[in-house]
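Chains as they are written, first to last, in the working numbering: chain A, 1 to 300; chain B, 1001 to 1439; chain C, 2001 to 2313.
We put the CB at the ideal spot given by N, CA and C, even for glycine.
In this text, all values refer to a predicted model and were calculated from it rather than measured experimentally.
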Amino acid sequence: MDLVATILVDGLIYAGWLFIVSVGLTLVFGVLNILNIAHGSLYAIGAYASASLVGAYFAAGGEAFPYGSYAALILAAILVAVVLGPLLERGLLRYFYGRDEVLNVLVTYAVFLILEDVMKLIWGVNPYFVYEPYTLLGTVEMGSLFYVGYDFAVIGAAIIVGLAVWLTLNRTQIGKVVLAVIHDAEISQTMGVNVKRIYLGAFMAGAFLAALGGALTAPMISVTPGLGVNVIIVAFAVVIIGGLGSVPGAAIGALMVGISRAASVHLLPEAELFIIYFVMAIVLVFRPEGLFAKTQARKI
Amino acid sequence: MMRKTVLAGALGTIALAGGVTGPAAAQDDTFKIGVITFLSGQAAESFGVPAWNGGKLLVDMLNEGGKLPAPYDTMGFGGMKIEVVVVDEAGGATKQVQEFRNLVQREEVDAVVGYVSSGDCLAIPPVADELKAFTILYDCGTPRVFEDNSFEYVFRTAAHATMDNVSLARYLKSRDFDVPSFAGLNQDYAWGQDSWADFKGAMSQLYPDAEEKTALFPKFGAGQYGTEISALLREKPALVHSSNWGGDLQGFLIQATARGLHERAQLVLAAGDHVIPQLGNKMPDGIFLGARGVNGLAANARGGELKELTDTMWSAYEAEYDTFPVQAPFRMWQAIFGLKTAVEKAMADNGGTKPTDEQLAAAMTGLAWDAPSGRIEMALAGGHQAIQPNAIGTTKWNTETGKMELVDVEYYNARCVNPPEGMKSADWLAQGFPGAQCD
Amino acid sequence: MMRFSVFTYAAIGFAVLAAGAIVLPDWAMFLFAMALAKGLVCLGIVGMMRGGVVSFGQGLYYCLGAYTATLAANFLGVSDIFLLTLLSAAVCLLVGLVFGPLLSSYRGIFFAMLSLALSMVLYGSLSKMSFIGGTDGLNIGAPTFLGWAPEGRPLQTALYLYVVAIVVISGTLMRIYFDSEQGLITLATRDNELRVEYLGASVRNIMAYNYVFGALLGGIGGTIAAVALGHVDPEFAFWTTSGEFVFVAILAGYLSVPSVFVAAIILEMVRSFSNLYFPNTWQLALGIFLLIVIVALPGGLGSLVSRRKGDPT
C-alpha cells in the first residue's frame, strides 16, 4: 500500500480520536466561555471508569455477549458526565461566571490538580487493562496493511459525534436556544431562556464527550495515572487551530493535526513531538482566533 | 510594612524547627537503606512493585536470620538490622535528583539502592559522587553510565543492555533463524536508543547481509503505536526488535498482535519476560525474549549449584504474592545479596564497625557473589559494573497447566555476551566480539 | 510613622535569608536555594500579572536558561557561576526581545495559550534532540565562584548565598520598577487598557518590557536551578512546570515582592515532603488551596501583608 494512502489512513484514525477528545472542549468554551483544563482529567476518568465497568461486565459473565462491552464503554462515559458534570458546574464553576476568562482557566487548573489525585485515590496507582473490546471487531485488510476494525469504529464514532453535535446545534429547537445563549446570555435570559440549565447541559455534554474519548481509548492502552496531562495539550492545539467554540473548526483542526502527525511519523520521526505545538503557535500568531472562531465582542 | 519582615522571620523559624527536628539518624546497630523504584505509573506493576515486593521479602528473611543457605544465613547485614525507606521513582530525573538529596541528607541513609529508569541512572551518579553517598544502581540498562564516565561511589550490580541484545542475536544464530531484514521499535531515551544500537551492532557481525529497515523511536510512555505498527507492516521486515518495557510493551504487544504483526515478522523482545504474568495467554507463542539475565522462568528451569538458593526465594515469593517472580525481583535480590556481601567484607576489614561510604565502595569494587540469577562479578569499569550470565527463550502457552512457559532456552555465560574490561560496547561489537568466551 | 526605604528592607531580607546559611542543615539549604530560584521565575510572572496577563509558558525561559548554562558548561567549559548566569540572561534577553513585541499584542486566553505553545515547542524540540540528551537531559558539574571551586557544605553555602544575593537584588530592582512610573501604569493597564492608551502611554511597550523582564528572571532562575540540581531535562519547559509557577504567582499575589518567595518556599516544602509522606494527595491539597486563594484571597498572600485601597478584584 503506497505511502500516501498509509499516511492518510493513519492520519484519519488519529484525527477521529482527536476530534472526539477535542469537540467537548470547544463546546464548553463556546457556550460557557471557559477553557477547561480539567477536560484532560475528565478524559482520564472516562478511561478509568470504562476500564472498571468493562472489567466488571466481563467478570459478571459478559463473555457470553462480548459486544455488550461497547455499551459498557458508552455507559461509563455517561456516568462520568452525569456525576461530575453537575458537581463541577453547579458546585464550583457557576460562582465564577462573568469573571475574567483567565481566572476561569486557573479555577479549572485547580480542578485538574484535585482530580489527578482523586483518580489515584479511587483507582490506585497501578495500570488497568481492558483489551477485549479492542480485538472484537477483527482486522481489516487494506492493500498489504492490516488495521483493526476497532480503529475504524473510532472514526465512525467521531463522524457520528460530529454530526450529532452539529445537527443538534443547528437543526433542533434546543440547539437554536443554545446558539442564542452563546451569542448573548443576558438577552436570552430576559427572553425566558433558562440559561442555567443550558450551561449545565452544555457542560455535561462536554464532560460526556471528554469521557467518551477516554472510554474509547482505554481498550488500546494501559490506563495509568497521568493520562490526562498529555491529552489536554493536544486537545488545546486542535481547538486553538480550529477556533475556540467552533465544532467544524475542531474537525478541521483534528484532521490537520492527525495527518501532519502521521506524515511526521512516517517521513520525519524527529519532528513528531514538536510539529503539533509548532502548528498551534503559527496559527495563534497569524490568526489568533483560529480558523473558524466564534466572534467575541470586545469589552470597553 | 514591618509585617513582611515578621512574616519572613516566622517562616525562617518554622523551617529551622523543621530542620532541627528532622527524621532521626540511623544508629549503629541498624543499616538504613533507601530504596527507589517505581511505585506508581506504567512501570510499577511490571517492574517497580515486583522488585520491591521481592526486596521487602528478602529484607524480612534476612532480618530473621537463618532462612537462607550459606553464606547468607547470618542475620541482617553483619548482624545489623536492615531498615528501609522506600521512595517512588516516578516524576522524572529532575525530581529524582531532589529525592536522592533528601534521602542522603535528610533521611541519612547508609546506602541507596535504586533506579529502574535509565534516565534516572544517568542523572543520579554525579550527584552521588558529589554527596559522597554509596549508591547501587540495581536495574537500569543503559551502558552509558560507566562507559562515558567513571564514579567513585556508584556501582551497578546488574549487567547492561549490551548483554541482552548480543544474546538475542546469538540466539537467532544458534537456532539458524534466517534474517534477510530487520526493523526496530524502541523508546526514545537512553535505554531504547542504546538497546537498538547494541542489537544493530551485534546483528551486523552475526548477520552481515541482513538489511536494516526502519528504526522507530516513539516517546517513552506513548502507549499508542497505531501509526508505528502501520509503518512496520508496510516495511515488511523479517524481524522486529523491541526493548519496550512495562505499559509500553503491553500496549505495543496488544496492538501489534491485534493487527497480526507477530505473524508477519518475528518479534524479539530484549526484556520481555516481565509482561508474561499480566498478558497471560494474550501473549502470542513463538516470541523470542530475554529477562535481562537468568531470571524468572529461565532461572527456575536452570537447576545447578544455585538451585537451593533460587528455590528458596522462588517459593517464598510465590507463597507471599501468589505469582511467580519475574526479572525485577531477581535483580533486586542480586543487589541486596551484593550489598550484604560488601557490608560484611568491609566490616571484616575494619574490625567490625558499621562501614563508611568509602569503606563500602572499597569493598564493593571488583566483588563477586552468588544470587538466584547466577554468579555476579563486578568485572567492568574498574570494578564498578557487573557482568552476569544470560538466557533467551521462546514463549509457548501450555494449555494443560494454563501457564506461559519458556521453551528452547539457551544459556550464555557472562563473558560470552558482555564486553571485556576496558572496552566500550560499541567498539566491542564493531570489532566482532574480541575476547568473548562462548562455549 | 517612619517609612523604611526599600533598601533597608533589602538589607534586612538579605540578613535574614543569609542567616540560613549558618543555621540550616544541608537539605534545607538546597531546598531554599531551589525555591528561591523558582521564585525568580514567579516574580517575572507577577510582573506580567500586574498588567493583567498571565503567562502559562514561563517554562520556556526557565528551560532556556537552564540549558544555556548546561551547554555552556559541558561544551564550552565555562564553570564560573557569574559567567553562566550572564550568558543565560543574555540568551533569554535576546529571545524575550524577539517574542516580547509579538506577545504584547495578546491578552487573556490567547496570551496564555501562545506562551504555552511556545514553551511546548521548546519541549518538543529538546525531547527529540538526542545529541543533547533528548528526554534524558544532561548533567552539569559543580560551579566555580570566580576561580574558587568549593565542595561539600562550602559549595552548598556558596550557592545558597549567591541565590540569596540575586534574589535580594532582583527583588529590590523589581520593587523599584513596580513603584516607578512604568510600574504604576502597568497596574492601570490591568484595570482599563483603553483609557491608559488615551492618556498617552504606550500599552504595547509596557507589556513588552514586562515580558522581557519576565524572560530575564526566568532565565536566571533556570540557571540557578540547573546548577543547584546538577541536572536539566526538557520537562523544565513542559506545561505543568509553568503551571506550578503560575500557582505560586497566584498564591503570592501581585502586591508584594517578598510574598512571591515565601509562596515559592511553601510550595517547595510541600513538594519535598510529599513524596515520602503523602504522595497521592499533595496535588489535591494544592488544588484546594489554589481555589481557596482565588475565592478568599484574590490578592494572594501579599494582600495579607499590604492592602491596596479600593482594589475591586
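Near residue i, which residues of its chain fall below 6 Å by C-beta distance, leaving aside the five closest residues on each side in sequence?
i: T6 of chain A; result: none
i: A215 of chain A; result: G46, S50, L73, A76, A77
i: F208 of chain A; result: A77, A81
i: P1329 of chain B; result: P1050, A1051, G1054
Within 7 Å of any Cβ in chain C, is that where the Cβ of residue i sits?
i: K196 of chain A; result: no
i: A1361 of chain B; result: no
i: L1216 of chain B; result: no
i: L284 of chain A; result: yes
i: L1172 of chain B; result: no
i: P1126 of chain B; result: yes
i: L303 of chain A; result: An answer regarding residue 303 of chain A cannot be provided, because it is not within the stretch 1 to 300 covered by chain A.
i: Y48 of chain A; result: no
For residue i, which residues from the same chain have a beta carbon less than 8 Å from its beta carbon, with the 5 sequence-adjacent residues on both sides left out?
i: A263 of chain A; result: I7, G11
i: I2132 of chain C; result: Y2067, L2071, L2126, L2138
i: T139 of chain A; result: F146, Y147, V148, G149
i: H2231 of chain C; result: G2137, L2138, N2139, I2140
i: M1347 of chain B; result: G1078, T1353, K1354, P1355
i: P2383 of chain C; result: This structure gives no information on residue 2383 of chain C, because the portion of chain C shown stretches from 2001 to 2313.
i: I241 of chain A; result: G249, I252, G253, M256, V257, V279, M280, V283, G290, L291
Assuming residue i and residue j make a contact with CB atoms under 8 Å, what is their CB distance in whole Å?
i: Q2156 of chain C; j: M2269 of chain C; result: About 17 Å separates the two Cβ atoms, so there is no contact after all.
i: G2222 of chain C; j: Y2062 of chain C; result: 4 Å
Residues of chain A with a CB under 7 Å from the CB of residue i: which are they?
i: S1040 of chain B; result: V125, P225
Flag residue i as yes if its beta-carbon sits less than 7 Å from any beta-carbon of chain B, otherwise no.
i: S222 of chain A; result: yes
i: V118 of chain A; result: no
i: L212 of chain A; result: no
i: E2268 of chain C; result: no
i: M280 of chain A; result: no
i: N2275 of chain C; result: yes
i: W2027 of chain C; result: yes
i: P2143 of chain C; result: no
i: D2 of chain A; result: no
i: I78 of chain A; result: no
i: F2007 of chain C; result: no
i: F2245 of chain C; result: no
i: V307 of chain A; result: As displayed, chain A neither begins before 1 nor continues past 300, which places residue 307 of chain A out of reach and without an answer.
So with CB distances below 8 Å, who are the chain A contacts of residue i?
i: I2109 of chain C; result: L35, E101, V102, V105, L244
Quick one: list the residues of chain B neighbouring residue i, beta-carbon separation under 7 Å, in chain order.
i: T2172 of chain C; result: The premise fails here: T2172 of chain C is roughly 13 Å from chain B at the closest Cβ pair, so nothing lies under 7 Å.
i: V265 of chain A; result: T1227, E1228, A1231
i: P2279 of chain C; result: D1088
Going by C-alpha to C-alpha distance, which of the options sits closest to residue i?
i: Y95 of chain A; options: A:A56, A:L163, A:K196, A:I155; result: A:K196
i: E1108 of chain B; options: B:E1083, B:C1121, B:Q1096; result: B:E1083
i: G1091 of chain B; options: C:G2059, C:V2078, C:M2120, C:D2233; result: C:D2233
i: K176 of chain A; options: A:V161, A:A157, A:I198; result: A:I198
i: T108 of chain A; options: A:I241, A:G201, A:G98, A:L88; result: A:L88
i: T2189 of chain C; options: C:I2294, C:V2212, C:S2104; result: C:S2104
i: Y1321 of chain B; options: B:P1277, B:Q1193, B:N1418; result: B:P1277
i: K1213 of chain B; options: B:L1103, B:F1433, B:A1238, B:T1399; result: B:A1238
i: Y70 of chain A; options: A:F112, A:D184, A:Y131; result: A:Y131
i: M1363 of chain B; options: B:G1338, B:C1416, B:I1376, B:D1370; result: Rather than Met, the amino acid found at residue 1363 of chain B in this sequence is Ala. Measuring from the Cα of A1363 of chain B, the nearest candidate turns out to be B:G1338.
i: A1258 of chain B; options: A:Y134, A:F65, A:V181, A:I174; result: A:Y134
i: M142 of chain A; options: A:G91, A:Y43, A:D2; result: A:D2
So which residues of chain C does residue i contact, with C-beta pairs closer than 8 Å?
i: T1094 of chain B; result: G2137, L2229, H2231, V2232, D2233, E2235, F2236
i: G1119 of chain B; result: T2135, D2136, G2137, D2233
i: Y1189 of chain B; result: G2134, T2135, D2136
Under 7 Å Cβ to Cβ from residue i, same chain only, skipping five residues before and after it: list those, please.
i: A254 of chain A; result: A15, L18, F19, S22, V238
i: G1048 of chain B; result: T1037, F1038, L1039, E1089, V1116
Name the chain A residues that come within less than 9 Å of residue i, Cβ to Cβ?
i: L1239 of chain B; result: Ordered by position in chain A, no residue passes the 9 Å Cβ test against L1239 of chain B, which lies about 18 Å from the chain.
Can you find a CB in chain F that lies within less than 7 Å of the CB of residue i?
i: P1180 of chain B; result: In summary, chain F is missing from the structure at hand, where the protein chains are A, B and C.
Does the distance between the C-beta of residue i and the nearest non-hydrogen atom of the ligand SAH fall short of 6 Å?
i: S2125 of chain C; result: The ligand SAH is not among the ligands present in this structure, which contains no ligands whatsoever.
Report the neighbours of residue i on chain C: residues whose CB is nearer than 9 Å to its CB, in chain order.
i: V229 of chain A; result: F2238, W2239, T2240
Just checking: is the beta-carbon of residue i within a distance shorter than 7 Å of some beta-carbon in chain A?
i: S2125 of chain C; result: yes
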